[in-house]
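Heads up: the sequence shown is residues 1 to 580, going by the UniProt record's numbering. Notes for the one structure printed next.
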Amino acid sequence: MLDQMRRATKSGFSYILVGLLIVVFAVFFGVPTDGCRPSGSRAHLATVGGEEIFTEDVNVIYNRYYGANRSTTLDDTFYEQQATALKAVLATYVLANRAEEAGLRVSDEEFAAYITDGSRNVEFLSSYGRTGEFDGPFYERYVKFGLSVPLQRYENFKRRELLARKYMAMLDMQVSASPAEIDELNELRNTRVNLELVKFNEETMAQALDLSDQAIAAFIAANGDRIATYFKENRADYETDERVRIRRIYITKPSDETEDADALARFEDAKKRVVDSGEDFATVATELSEDYAKSQGGLMDWTTPENLDSAIAKAIEGVNVGEVREVETDFARMLIKVEEREEAGVPEITEVQDEIAQTLLREDLVGERGAQMAQKLHARAQADQSSLEEALTAIREEVALQEDAAEEATLWQSLNVEKTGEFTMEGQQIPAMFRAQLAGMNFGRSWDEIPRLGKNSELMIEVFNLTEAAPLLPRVAKIDNTLAVIRLSERKDAGELTAEERTELEGEIRAEKVAEFLGPWRFLFVNPLEAPGHFVDSALTEALEDGTIKLHEKNSPAAEKVKSMITGDDPLADLVGMTE
């Protein structure tokens, strides 16, 4: 079909250029091989709807991407690569068949425009030279010698490829965004609310209570059994690890031999004074030690043996309090004295009963008060039609005037009004075009996460239904273990969209839908080594299951491997494109 075009562009210079290019291919890329057999023999690999697929069809893709390393590729990798190329060829033919069933065709004019278009015909993206014009002799020689494909087979494949592209483009064009969807996204993205809230967290409120020694003693006297039960049920919380506290005299080991001799002399002097003469360890450490603990007489903080240098931990294992051990590492010489030691174990209940009593007493004092206080604040804000700050202040003033209400006053004082700041219901959205690359990564908050409160989809919808006329949430909300009274502080409704903004949102919704329904299908035609997405994969799976694709697995290992790639049984399927 392209004979006239090729003849019209033939010239003496073109033949010279082709000759030079063939030399370049041979020198830098080696002689092209048959895409599915190292021996170069022609193999029948598959049939798709009656159309036969041979090795030269696979060569179009294989030699485009893998040809540069074909002479050094191991057989296993070689066949994995060809299976990847074959999978792309099969997908192309399956989609082309669907295109024909849908009534699509490719005219000679369309095909000529496609094959000569350097922006669409992938093989020639970098092969049009400096002029950017189609060169018939170059085209013919490149196909035969660069791709190792007979010209007629190449043009047949490219027709099927264009037909498949038209089919996918047709499906893509049918995806649209309705006016209602655009308005909904505008509302979602541009409606903003700022909430005020008061949280009633029992643990936080309990910590605000200042318990007297008399109250704790009275609780212990009246609740001995309860304290014992709590200790038994939470025994693990009171278990302690072995801990030691040491003093050390630390003398650095210089790399210079002369300086190291001086350091060794200082160490021996310290050792003689502490071990032989019984001089006070802290005094000698303050005078001679060379580390940060020098000013504390070498005294270090309490720690577990596991947190000590392994050489020190080993040296003091089983050593009694007051004994001194010598330790040497690559960097220092040390004298270590065990100052104090606490064995691992569980304390007696009498040692922790005050702590347990405080915990239980605080629970009792707060207990149901949190829920009662939340309901009281909600009722006050509703009755007064006031802000939460005004309602909270009014309650505090009333409680302060009551007798014997010190504890309740303390609880009310522990509360404060918080603001969420402006937020939308959209959360942090990632454009559809980036989602494949960013899969599994977390960006910002999800749509149902309310700032300063947490995630709750039902509550999120409720707060966005609040208005200036009815700003108070009709109920006391609960997220996890926290109660909250919530009121709308400010609301900014989404405005009308300009024509430009509407077009932008329409494109974004379309991209989202295409990604969801069709996946990144363009990869099949631009870079078939990349996964083209679920739609193309499903078409392949369906064609294999219904017999549209028939693989001739005995003719090539590539035909055998591609079956496991399509069915998803090949653990290397996603890595093949990266293997060189």
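Where is the CB? At the ideal position from N, CA and C, for every residue including glycine. In this text, all values refer to a predicted model and were calculated from it rather than measured experimentally.
If I measure Cβ to Cβ from leucine 288 and keep anything under 8 Å in the same chain, skipping five residues before and after, which residues do I get?
Ile249, Ile251, Arg266, Asp269, Ala270
Skipping 5 residues on each side, what residues in its chain have a beta carbon closer than 6 Å to that of leucine 415?
Val198
Given this structure, state the Cα-to-Cα distance separating glutamate 80 from tyrosine 142, to the nearest angstrom.
25 Å
Considering only their Cβ atoms, is the gap separating threonine 420 from leucine 195 smaller than 9 Å?
yes
Give the DSSP-derived three-state secondary structure of phenylalanine 423 in the structure shown.
strand
Alpha carbon of valine 366 to alpha carbon of tryptophan 412, nearest angstrom:
11 Å
Note down, in chain order, each residue of its chain lying with its Cβ closer than 7 Å to the Cβ of proline 557, except the 5 sequence neighbours on either side.
Tyr79
Identify, in the order they occur along the chain, each residue of the same chain with its Cβ nearer than 6 Å to the Cβ of phenylalanine 525, setting aside the five sequence neighbours on each side.
Arg165
Pick from Val399, Glu496, Leu377 that is closest to glutamate 389, judged by C-alpha positions:
Leu377
Outcome for valine 48 when other beta-carbon atoms lying within 10 angstroms are tallied against a minimum of 16
buried
Give me the Cα-Cα distance between aspartate 404 and alanine 206, rounded to the nearest whole angstrom.
18 Å
If you reduce the DSSP assignment to three classes, tell me which class tyrosine 250 lands in.
strand
Contact set for leucine 86: own chain, Cβ-Cβ below 8 Å, skip 5 residues either direction:
Cys36, Leu45, Ala46, Ile53, Val58, Ala558, Ala559, Val562
Could you tell me the alpha carbon to alpha carbon distance between leucine 171 and leucine 185, rounded to whole angstroms?
23 Å
Close beta carbons around valine 24, own chain, < 8 Å, minus the five adjacent residues each side
Unreliable positioning characterises valine 24 in this predicted model, as indicated by a pLDDT of 41, which lies under 50. The coordinate reading is nonetheless provided below. Around valine 24: no qualifying Cβ.
Looking at arginine 510: is its Cβ nearer than 9 Å to the Cβ of serine 176?
yes
If you measure between the beta carbons of valine 244 and arginine 325, is that distance less than 9 Å?
no
Could I get the ranges of all uninterrupted alpha helix (DSSP H) runs contained in the stretch 141 to 186, with 4 residues as the minimum, in chain order?
151 to 174
Among the residues of its own chain, which have a CB less than 7 Å from the CB of glutamate 363, if the five just before and after it don't count?
Ala206
Mapping DSSP to helix, strand and coil, what is glutamate 496?
coil
Can you tell me whether leucine 299 is helix, strand or coil according to DSSP?
strand
Where do the ends of the beta strand (DSSP E) carrying asparagine 201 lie?
192 to 201
Contiguous beta strand (DSSP E) assignments of at least 3 residues, all confined to the stretch 466 to 532
477 to 479, 482 to 492
State the DSSP-derived secondary structure class of isoleucine 22, mapped to helix, strand or coil.
With a pLDDT of 42 at isoleucine 22, under the threshold of 50, the modelled position of that residue is not reliable, and no figure is offered here.
I need the straight-line Cα distance from arginine 105 to asparagine 190, nearest angstrom please.
45 Å
Where residue 581 sits in the DSSP three-state scheme
The structure shown does not extend to residue 581, since the chain spans only 1 to 580, so no value can be given for it.
Using the rule of at least 16 other Cβ atoms within 10 Å of the residue's Cβ for burial, across every protein chain shown, is lysine 158 buried or exposed?
buried
Extent of the continuous beta strand (DSSP E) to which histidine 44 belongs:
44 to 48
Could you give the first and the last residue of the continuous beta strand (DSSP E) run that contains arginine 325?
324 to 328
Please go through the same chain and pick out, in chain order, the residues whose beta-carbon is closer than 8 Å to the beta-carbon of glycine 347, but skip the five residues on each side of it.
As written in the sequence, residue 347 is proline, which differs from the glycine given in the question. Excluding positions up to five away in sequence, the list reads Tyr238, Thr240.
Could you say which of Ala357, Leu392, Asp280 lies nearest to aspartate 213 if we only look at CA atoms?
Ala357
Arginine 98 and tyrosine 167 - do their beta-carbons sit closer together than 9 Å?
yes
Return no unless some Cβ of chain C is closer than 9 Å to the Cβ of aspartate 280.
No chain C appears in the structure shown, which is made up of a single protein chain.
At what residues does the beta strand (DSSP E) containing leucine 335 begin and finish?
332 to 342
Out of Lys554, Thr548, Glu542, which has the shortest C-alpha to C-alpha gap to threonine 567?
Glu542
Just verifying my parser: in three-state terms, what is the DSSP assignment at glutamate 560?
helix
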